[in-house]
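Residue numbers (my numbering): 14 to 108.
(1) Report all residues from its chain with a CB closer than 7 Å to the CB of residue 64; omit the five preceding and five following residues, and keep chain order.
(2) Just checking, does the segment 42-56 make contact with the segment 65-75 on the three C-beta pairs under 8 Å criterion?
(3) Taking the alpha carbon of residue 79 as the point to measure from, which residue in 91, 60, 92 has its own alpha carbon closest?
(4) Could you give the distance in angstroms between the alpha-carbon of residue 44 and the alpha-carbon of residue 32?
(5) What do you reckon, are the CB atoms on residue 100 and residue 92 nearer than 7 Å?
(6) Compare the Cα-Cα distances from residue 28 to each of 107, 77, 47 and report the closest residue.
(7) Helix or strand or just coil, what does DSSP make of residue 81?
(8) Round the Cβ separation of residue 68 and residue 35 to the nearest angstrom and send it over; I've been treating them as touching at under 8 Å.
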């Protein structure tokens, strides 16, 4: 968030209007009209987005971003090959 804010300041961007409704309840067309992007629907989609986000990759640094992506890709593979109980146990253990 800090890197994005600093980037906006550097590029002299202006803030968009405040969103005063829950974007979850809006259609894709309504979200697009107010400039709200849909959040990733899965870890796989989130990692794909991260790989394309040069600003965030630079902010994290090569070592951290590469390591984080590698670990999360292993998680994606492990959860895809397992049942819901496995995923539940893994999250309970970690968090």
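Ideal Cβ placement from N, Cα and C applies to all residues, glycine included.
The relevant details are as follows:
(1) Cβ-Cβ distances below 7 Å link residue 64 to 82 in the same chain, with the five nearest sequence neighbours on each side left out; the list follows chain order.
(2) The answer is no - the segment 65-75 does not touch the segment 42-56, with fewer than three Cβ pairs under 8 Å.
(3) Nearest of 91, 60, 92 to residue 79, Cα basis: 60.
(4) Looking at the two C-alpha atoms, the distance is approximately 10 Å.
(5) Pairing residue 100 with residue 92 gives a Cβ-Cβ distance under 7 Å.
(6) Nearest to residue 28 by C-alpha distance, out of 107, 77, 47, is 47.
(7) Three-state DSSP puts residue 81 in a helix.
(8) Not a contact, Cβ separation roughly 27 Å.
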